[in-house]
Amino acid sequence: AGLGARRFPTERVVPTSGAVRGAAMGVRVHKAREPVFRNREGGRSLAAAFSCGAIFDLQPARSAVAKVPVFPACGEVLPGHSRSAAAAEQQHGAARALVERFCEDVPAARVAPTQAELEALWQRCSRMRRPEVASALADQLVGASSAQDWRSQVRALHFLAHLYSHGQAARATAQAVMHNSEELIRHLAKDSRSECSDAAARVLLLAQLSEAHIMDLSSLLDFTSQASATAERASEEDLISLDDPPVIPPIPSSIPSLPRQQPVLVASALRPPAEEATAKPQCFDIAGGDAGGENTELDDMFGFRRRQVVDIPVPTDAYMKEHFERPADPFAFVTEHVKQRF
Numbered sequence: 001a002g003l004g005a006r007r008f009p010t011e012r013v014v015p016t017s018g019a020v021r022g023a024a025m026g027v028r029v030h031k032a033r034e035p036v037f038r039n040r041e042g043g044r045s046l047a048a049a050f051s052c053g054a055i056f057d058l059q060p061a062r063s064a065v066a067k068v069p070v071f072p073a074c075g076e077v078l079p080g081h082s083r084s085a086a087a088a089e090q091q092h093g094a095a096r097a098l099v100e101r102f103c104e105d106v107p108a109a110r111v112a113p114t115q116a117e118l119e120a121l122w123q124r125c126s127r128m129r130r131p132e133v134a135s136a137l138a139d140q141l142v143g144a145s146s147a148q149d150w151r152s153q154v155r156a157l158h159f160l161a162h163l164y165s166h167g168q169a170a171r172a173t174a175q176a177v178m179h180n181s182e183e184l185i186r187h188l189a190k191d192s193r194s195e196c197s198d199a200a201a202r203v204l205l206l207a208q209l210s211e212a213h214i215m216d217l218s219s220l221l222d223f224t225s226q227a228s229a230t231a232e233r234a235s236e237e238d239l240i241s242l243d244d245p246p247v248i249p250p251i252p253s254s255i256p257s258l259p260r261q262q263p264v265l266v267a268s269a270l271r272p273p274a275e276e277a278t279a280k281p282q283c284f285d286i287a288g289g290d291a292g293g294e295n296t297e298l299d300d301m302f303g304f305r306r307r308q309v310v311d312i313p314v315p316t317d318a319y320m321k322e323h324f325e326r327p328a329d330p331f332a333f334v335t336e337h338v339k340q341r342f
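Per UniProt numbering, residue 1 is the first one in the sequence shown, and the count goes up by one each step.
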């Protein structure tokens, strides 16, 4: 102070964002004109630092370090995040128990769930997170396939098809299940049991239509359910029924008669059109060169031919031939009569 030198503060807080990042990484930040000194070297030559017009920081910037957010290491869970992880795990367990109870509690009278049961299950699942419900339904399909429990598979597939008839949230849940279990559902569509294969084929059809951005799938869902119910009723009909036969409506008699077509010769159809005038038939012989004539070979094959009578000798024939003269032509007397007449 006696020399007239300016007084500079011996402690400085860097408010810049670069200083904050540097302090978080454990690096001291100085200007380009400032010489870099360590804290233990600060008392040795303050005049050199003051002559350069620099400000030397003797104390660490604790205020800057306090404002830097702390990120957890890989695999580390912060105390504030443990509640959300525990809540997600609890919700996943609740969704899994709910879907498992619905699929495995099969009534004795029927396997397929009713519309009221499907709607009640969706109302309870809609309050849960979408990934938890999709994961629980996919796990149920895999577990039922491993245990070969086709009843649980049928009920899970019915609930998956029911999700396509609701809003965007339910449809997104169904698409998440299809993303994880599409190969399994395609395998179930080829199952020997008709109940399981029909339900899986219906889910695949709805999944393809949802990818085509069809807005309303409820009418298609009703149509597929009516078609499956009609096929089921047709399969359950009694073949030996004592009821009256169904009335078949009569066929109307006012049917216009078609003109009768002329027969087409096989030889003319097989003959090349360019050689029709000069070429000779190679397969068949047309009688007399007439266009409307008959084919002799076909006539021999399919026409009337005289049957060859087998001559079986009888003892009476030898007696008749010996005592009675028989003319060679049995109709010779007719010829003689005609000659005498004319």
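For glycine and all other residues, C-beta sits at the position ideal for the given N, C-alpha and C.
Secondary structure note for R186: its alpha helix (DSSP H) is the uninterrupted segment 168-188. Annotation: T335 to D329 spans about 10 angstroms, alpha carbon to alpha carbon.
Taking C-beta separations shorter than 6 angstroms and ignoring five residues to either side along the sequence, Q123 has no partners in its chain. For A120, the closest of E297, A109, E132, V99 by C-alpha to C-alpha distance is V99. The DSSP-derived three-state label of Q308 is coil. Cα atoms of V338 and F324: separation of roughly 25 angstroms, rounded to the nearest angstrom. Just measuring C-alpha positions, the residue of M128, A189, V310, P107 sitting nearest A88 is M128. Here L137 really is in contact with L160; their C-beta atoms are around 6 angstroms apart, less than 8 angstroms.
Inter-residue distance for H166 and Q175 is about 13 angstroms (C-alpha atoms, whole angstroms). C125 and S192 have their C-alpha atoms roughly 31 angstroms apart. Residue nearest to L209 within the set Y164, S194, Q168, I185 is Y164 (criterion: CA-CA distance). With contacts defined as CB atoms closer than 9 angstroms, Q140 and A156 qualify as a contacting pair. Shortest Cα-Cα distance from A112 to any of M178, I185, D198 involves D198. Inter-residue distance for P327 and F302 is about 35 angstroms (C-alpha atoms, whole angstroms). DSSP places A156 in the uninterrupted alpha helix (DSSP H) bounded by 150-163.
Assigned with DSSP and collapsed to three states, P107 falls in coil, not helix or strand. F331 is classed as exposed because its beta carbon has fewer than 16 other beta carbons within 10 Å across all chains shown. One thing to note: S135 has its Cβ within 9 angstroms of the Cβ of A95. Residues of the same chain with a CB within less than 6 angstroms of the CB of M178, apart from the 5 flanking positions on each side, are A207 in chain order. In this structure, the CA atom of F102 is about 23 angstroms from the CA atom of Q168. With 16 or more other Cβ atoms inside 10 Å of its own Cβ, S181 counts as buried. For M320, the enclosing alpha helix (DSSP H) begins and ends at 315-323. Excluding sequence positions up to five before and after L184, its CB lies within less than 8 angstroms of the CB of L141, V142, S145, all in the same chain and listed in chain order. Cβ-Cβ distances below 6 angstroms link W150 to R193, C196 in the same chain, with the five nearest sequence neighbours on each side left out; the list follows chain order. DSSP, reduced to helix, strand and coil, places T335 within a helical segment of the structure shown.
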